[in-house]
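Residue numbers for the sequence shown, in my numbering: 124 to 698. For every residue, glycine included, the Cβ atom is placed at its ideal position computed from N, Cα and C.
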Amino acid sequence: MSERAIVIRGAREHNLKNISLDIPRGRLVVFTGLSGSGKSSLAFDTIYAEGQRRYVESLSSYARQFLGLMEKPDVDYIEGLSPAISIEQKITHRNPRSTVGTVTEIYDYLRLLFARVGVPHCHICGKKISSLSLDQIVENLLVHPEGTKIQILAPLVRGRKGEHVEHLESARSKGFVRARIDGEVRGLEEDIRLEKNKAHTIEVVVDRLVVKDGIRGRLAESVETALEIADGLVTAVIEAKGGAVEERLMSSKLSCAECGVSIPELTPRMFSFNSPYGACRKCDGLGFIMEFDPERIISDPKRSLYEGVFEVWGKTGSYWYLEQIRNLERAYGFDGRTPWKDLPKRIQNLILYGSEGKKKNNQATRQNADYRFSREFEGVIPNLHRRYLETKSDDMRAWMEGFMSNAPCDACGGRRLRPESLAVRVAGWTIDRFTALSIGEACDVFNDLKLTETERIIAARIVKEIESRLRFLADVGIDYITLDRPAGTLSGGESQRIRLATQIGASLTGVLYVLDEPSIGLHQRDNRRLLATLKRLRDQGNTVIVVEHDEETIREADYVVDLGPGAGLQAGSGS
């Protein structure tokens with residue numbers, strides 16, 4: 124038995140015919156043969172499966188209960204296995220939040236880069252943001268009309284997990300009597316116990332006042348107190364006479380003097396669309412919203428309203444449906460028996476989206492009684508949207524989602540982040556512009572990134588990590604893919620090559636890698652780059668087993684295992 128070989132005796136998994144062979148370790152090994160000859164059965168279902176099973180068995184019983192039992196492959200004996208990693212052609216990322224940037228962790232480094240050397244700009248006027256002075260904050264609050272109620276809050280904790288006992292005790296010791304905790308104002312004399320594993324926001328209520336003559340001194344003192352205890356931040360809750368409430372977070376460190384826009388200290392989570400502090404408020408960081416689609420709602424444009432052009436309105440013979448049509452006919456002067464496609468556009472929009480506040484006299488007849496009333500027509504789509512939000516039935520919600528489609532978020536334009544985050548720049552680039560680049564373009568940009576001397580010192584290690592990961596992705600032939608591309612849209616081969624590039628970046632040694640036809644879909648030029656990548660993985664001290672048909676890959680291998688001689692019943696023998 125060789126210490127430098129993987130020794131296999133009596134492999135019979137699936138269609139393997141009692142195969143025995145020695146595979147050299149630390150080499151590039153290709154398994155080839157006809158489709159159905161047993162290549163994958165030997166590589167994945169025997170070698171990789173046994174490596175995984177042994178790794179799981181080496182864990183504690185506590186860890187094993189979460190991983191479950193793994194079946195032993197049908198083989199008499201295997202020796203010389205290393206920890207195994209399988210890189211198959213599977214699309215493993217179904218989460219709509221996953222992108223090429225997040226899967227490869229490049230986006231995590233971009234978030235860190237923007238948090239460390241990003242230059243904030245106002246998302247309204249585009250000017251560079253600077254800090255607000257105490258007088259400027261007071262002036263921004265005093266522009267509100269007399270009678271406006273203002274609460275001055277000092278944000279001590281913003282979205283951090285923990286019980287935060289020390290912050291509450293500190294507020295009590297300083298004489299404060301109230302705090303807004305997770306949106307609820309509570310007295311500090313209460314026995315407040317927060318859940319340790321939940322994110323909390325704690326804002327001390329410094330003062331509550333009404334805008335009027337002579338209030339400037341008190342307001343300035345309250346704002347100064349809030350800035351002092353909250354490290355330069357103050358939250359103003361502004362309630363107008365009509366009851367409209369506005370909240371403004373202002374900073375003595377980062378604010379636009381002209382527009383009054385303030386942002387907190389730049390942190391990586393501010394650039395994360397998976398965090399409520401960075402994600403677009405409307406789409407929650409998805410980049411799209413589900414909206415009711417007129418094309419899905421209209422079953423057949425050749426049908427009329429009476430013939431049931433709207434399936435979501437239920438049966439055409441129902442009293443409610445018929446009365447809706449009759450009321451619309453009387454109020455707006457059209458014939459409900461006209462095919463939908465022949466109705467005027469004005470009438471179509473009215474029926475789909477409602478009368479937008481305009482009221483018309485309507486008449487309803489039921490059980491020999493006449494009712495006259497004046498009201499606006501809600502519209503098919505607004506009605507569906509309201510019912511979708513109000514229903515508590517999962518079945519009803521699933522049924523209604525069949526009439527919806529994804530549309531780019533009109534708040535963020537599909538860019539997923541809040542406007543404050545999208546306005547931060549590094550060398551003139553915003554983070555969404557970086558992620559919209561292809562991997563090849565991003566490599567060129569980072570090679571020529573113009574940073575100041577101070578920024579270069581701060582960001583040196585971050586930029587180096589981003590450049591190396593981009594280079595690995597380009598080397599495996601996927602330099603045409605953009606960083607913001609959803610991971611679920613990748614082909615099996617693209618997904619496999621991304622995982623391969625990630626493994627190269629990990630720089631592991633002594634590992635057994637098993638790959639499934641990584642050359643599929645590649646141009647010959649890119650295939651040579653892929654082969655260079657596989658050899659680099661081997662040269663790091665790993666064993667690389669590749670299931671492959673490509674002639675160039677077979678010729679470049681250190682060791683070839685040919686399965687056959689045929690497929691199916693004639694398969695399972697090796698040479």
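Residue range of the unbroken beta strand (DSSP E) whose run includes residue i
| i | result |
| --- | --- |
| P505 | Not the beta strand (DSSP E): P505 falls in the alpha helix (DSSP H), residues V503 to E513. |
| I92 | With the chain covering 124 to 698 only, the question about residue 92 has no answer from this structure. |
| A597 | Where A597 is concerned, there is no enclosing beta strand (DSSP E), although the alpha helix (DSSP H) it sits in stretches over E576 to D598. |
| K542 | The sequence as given places Pro at residue 542; Lys does not occur at that position. Segment P542 to L545 is the alpha helix (DSSP H) holding P542; no beta strand (DSSP E) there. |
| S184 | Here S184 belongs to no beta strand (DSSP E); instead the alpha helix (DSSP H) covers S184 to L190. |
| N529 | M527 to P531 |
| V703 | A query on residue 703 cannot be resolved here, the shown segment of the chain reaching from 124 to 698 and no further. |
| I361 | L356 to E362 |
| V198 | V198 to E202 |
| V368 | V368 to S374 |
Backbone CA spacing between residue i and residue j [nearest angstrom]
| i | j | result |
| --- | --- | --- |
| Y444 | I504 | 15 Å |
| P147 | I129 | 6 Å |
| V669 | T390 | 42 Å |
| D305 | Y400 | 14 Å |
| I325 | E286 | 11 Å |
| G174 | L653 | 25 Å |
| A597 | A583 | 21 Å |
| L409 | K140 | 50 Å |
| G298 | G310 | 12 Å |
| A186 | E180 | 10 Å |
| L536 | H246 | Note on residue identity: the sequence assigns Gly, not Leu, to residue 536. One C-alpha to the other measures close to 14 Å. |
| L279 | S253 | 22 Å |
| R556 | L686 | 49 Å |
| R135 | G156 | 17 Å |
| L475 | G611 | 33 Å |
| L512 | L377 | 37 Å |
| S164 | V684 | 13 Å |
| P742 | V334 | Since the first residue of the chain shown is 124 and the last is 698, residue 742 is not available in this structure. |
| R678 | N650 | 13 Å |
| A559 | I142 | 50 Å |
Contact belief for residue i with residue j at Cβ below 8 Å, rounded distance in angstroms
| i | j | result |
| --- | --- | --- |
| S66 | G644 | Missing from the structure shown is residue 66; the chain here goes from 124 to 698 and no further. |
| A353 | M373 | Going by Cβ atoms, the distance from A353 to M373 rounds to 11 Å, so no, they are not a contact pair. |
| L606 | V223 | 5 Å |
| P205 | L635 | In the sequence on display, residue 205 carries Ser and not Pro. Correct: roughly 4 Å between the Cβ atoms. |
| I208 | I131 | Contact doesn't hold; Cβ gap of about 19 Å is too wide. |
| A277 | A349 | 4 Å |
| T625 | T227 | 6 Å |
| I562 | D517 | At roughly 40 Å, the Cβ-Cβ gap does not stay under 8 Å, so I562 and D517 are not in contact. |
| I627 | L660 | 6 Å |
| A534 | C379 | Not a contact, Cβ separation roughly 20 Å. |
Buried or exposed by the 16-neighbour rule on C-beta atoms within 10 Å, applied to residue i
| i | result |
| --- | --- |
| M519 | exposed |
| G282 | exposed |
| T656 | buried |
| N263 | buried |
| F154 | buried |
| A521 | exposed |
| V586 | buried |
| S700 | The first residue shown for the chain is 124 and the last is 698, placing residue 700 beyond what the model contains. |
| C248 | exposed |
| E543 | buried |
| A680 | buried |
| K251 | exposed |
| V384 | buried |
| L182 | exposed |
| H646 | exposed |
| V346 | buried |
| Q619 | buried |
Residue i: CB within 7 Å of a non-hydrogen atom of the ligand HEM
| i | result |
| --- | --- |
| S164 | Among the components modelled here there is no ligand, and therefore nothing to report on the ligand HEM. |
Minimum Cβ-Cβ distance from residue i to chain B less than 8 Å
| i | result |
| --- | --- |
| I562 | Absence of chain B from the displayed structure is noted, only one protein chain being present. |
Where the alpha helix (DSSP H) through residue i begins and ends
| i | result |
| --- | --- |
| L257 | L257 to L265 |
| V435 | First-last for V435: undefined, no H or E at that position. |
| L686 | L686 -> not in any alpha helix (DSSP H); beta strand (DSSP E) instead, spanning Y682 to G687. |
| K468 | K468 to Y476 |
| N570 | I562 to N570 |
| I554 | I554 to T558 |
| E430 | Careful: E430 lies outside any alpha helix (DSSP H) and carries neither H nor E. |
| A521 | D517 to E524 |
*Ranges of the beta strand (DSSP E) found wholly within the stretch 608–671, counting only runs of at least 3*: Listed in chain order, the beta strand (DSSP E) runs fully inside the stretch 608–671 are 635–639 and 666–670, counting runs of at least 3 residues.
*Completely contained alpha helix (DSSP H) runs for the stretch 139–174, where each covers 4 or more residues*: 162–165
_Suppose only complete runs of 3+ residues qualify. What are the beta strand (DSSP E) ranges in the stretch 207–236, listed by chain order?_
207–210
*Of all the beta strand (DSSP E) runs that stay within the bounds of the stretch 282–351, which reach a length of 3 or more residues?*
The qualifying runs are 301–304, 307–310 and 322–333.
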